[in-house]
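Just so we're aligned: the sequence shown equals residues 8 to 264 in our numbering. Ideal Cβ positions, reconstructed from N, Cα and C, are used throughout, including at glycine. Owing to the predicted nature of the structure, the values given are computational and were not obtained by experimental measurement.
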Amino acid sequence: MREIVVEGEKVNLDNGLFFGQGVFETILVNKSLVFLDYHFKRIEEGLKVLNLEPFYEKEEALKLIEKLNLKDKVLKITVTDKNVVITTREIPYKDSDYEKGFKLKTSSVLRNSTSILPKIKSTNYIENIIEKKKAILEGYNDAVFYNEKGYLCETSTSNIFCIKNNKIFTPKLENGLLNGTVRNFIIENYDVEETFITKDNLLKMDEVFVTNSLFGIMKIKCIDEFRFNKTIFTDKIRENYNKTINGPNGGLNIYGK
Numbered sequence: 008m009r010e011i012v013v014e015g016e017k018v019n020l021d022n023g024l025f026f027g028q029g030v031f032e033t034i035l036v037n038k039s040l041v042f043l044d045y046h047f048k049r050i051e052e053g054l055k056v057l058n059l060e061p062f063y064e065k066e067e068a069l070k071l072i073e074k075l076n077l078k079d080k081v082l083k084i085t086v087t088d089k090n091v092v093i094t095t096r097e098i099p100y101k102d103s104d105y106e107k108g109f110k111l112k113t114s115s116v117l118r119n120s121t122s123i124l125p126k127i128k129s130t131n132y133i134e135n136i137i138e139k140k141k142a143i144l145e146g147y148n149d150a151v152f153y154n155e156k157g158y159l160c161e162t163s164t165s166n167i168f169c170i171k172n173n174k175i176f177t178p179k180l181e182n183g184l185l186n187g188t189v190r191n192f193i194i195e196n197y198d199v200e201e202t203f204i205t206k207d208n209l210l211k212m213d214e215v216f217v218t219n220s221l222f223g224i225m226k227i228k229c230i231d232e233f234r235f236n237k238t239i240f241t242d243k244i245r246e247n248y249n250k251t252i253n254g255p256n257g258g259l260n261i262y263g264k
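1. Where DSSP assigns a beta bridge to V215, which residues make up the other side?
2. From I204 to E32, what does the alpha carbon distance come to, in whole angstroms?
3. Mapping DSSP to helix, strand and coil, what is N208?
4. On the criterion of 16 or more Cβ atoms from any shown chain inside 10 Å, does I149 qualify as buried, or is it exposed?
5. Quick one: any contact between the stretch 163-180 and the stretch 210-221, if contact means 3 or more CB pairs under 8 angstroms?
6. Counting only the same chain and skipping the five closest in sequence on each side, list residues whose C-beta sits under 8 angstroms from that of G157.
7. How would you call K17, buried or exposed, if buried means at least 16 neighbouring beta carbons within 10 angstroms?
8. Please report the straight-line C-alpha distance between C229 and K110, rounded to a whole angstrom.
9. Would you list the residues sitting across from S129 in a DSSP beta bridge?
10. In the DSSP assignment, find the unbroken beta strand (DSSP E) run with E181 in it and report its ends.
11. May I ask you to verify whether the stretch 220-240 touches the stretch 90-108, counting CB pairs closer than 8 angstroms and requiring at least 3?
12. Identify which residue in S122, N135, M225 and N22 has its Cα closest to the Cα of N104.
13. Would you give the residue range spanned by the alpha helix (DSSP H) that G15 belongs to?
14. By how many angstroms is the C-alpha of K89 removed from the C-alpha of N19?
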């Protein structure tokens with residue numbers, strides 16, 4: 008069995024620390040743990056891919072999380088061979104971020120569509136961190152990745168969607184990307200075509216937005232030097248999403264990154 012470690016306590020040395028053999032989830036906490044079921048399901052799937060023991064400590068971890076009495080926080084659960092590490096932090100996004108939208112920079116690093124790493128939320132996250140930092144230093148919010156075949160994948164921290172003539176498109180999972188919680192929410196609640204998107208295709212779209220478990224839905228104002236001026240449908244989708252996670256269920260049992 009793994010030891011459950013709450014922030015500030017010592018962790019056990021294992022391959023999660025030395026080689027990144029572990030998985031993690033970042034969960035939005037408003038009045039509840041948003042999309043908790045899906046986050047735990049993804050932990051289980053990731054552990055299986057990494058040939059680690061199932062998440063037997065789930066119920067015990069939940070009891071400890073409940074005692075933390077969290078609200079309007081970010082909860083991070085990291086699971087390795089010998090540890091379940093529970094940490095918290097403040098939500099980093101403000102109203103001004105949603106008003107301005109994000110700017111994306113195309114990364115020169117190509118995703119490998121045959122690799123398992125982009126498809127699980129593993130602790131081997133350094134490439135994402137490096138590419139995002141590069142983008143920020145150039146005045147952008149995040150880096151956007153394509154794969155070795157030239158097809159759109161995701162950003163370093165989010166899934167990506169685009170709209171053309173009122174139709175929503177998003178990259179297929181087989182391109183090499185994480186199946187995000189909010190990505191699932193969009194696909195389950197809207198008519199979305201999962202497809203292959205080139206950079207030329209992307210820049211011809213009417214609207215672009217990104218999704219993850221913390222900021223939810225964020226409009227994209229530009230990719231590199233190309234600007235997107237429309238956000239009508241993105242704004243409506245975000246409004247619906249916010250109603251869902253702030254509703255009676257709080258997203259607790261709704262599959263929805």
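In short, the structure shows the following:
1. C169
2. 27 angstroms
3. helix
4. Ile is not the amino acid found at residue 149; the sequence shown has Asp there. The residue is buried, with at least 16 neighbouring Cβ atoms inside 10 Å.
5. Touching, per the Cβ criterion.
6. T205 and K206
7. That one is exposed.
8. 5 angstroms
9. V30
10. Neither: E181 is in no beta strand (DSSP E) and is coded neither H nor E.
11. yes
12. Checking the sequence, you will find Asp at residue 104 rather than Asn. Minimum Cα-Cα distance from D104 among the listed residues S122, N135, M225 and N22 corresponds to M225.
13. Counting along the chain, G15 falls outside any alpha helix (DSSP H), and DSSP gives it neither H nor E.
14. Distance from the CA atom of N19 to the CA atom of K89, rounded to whole angstroms, is 6 angstroms.
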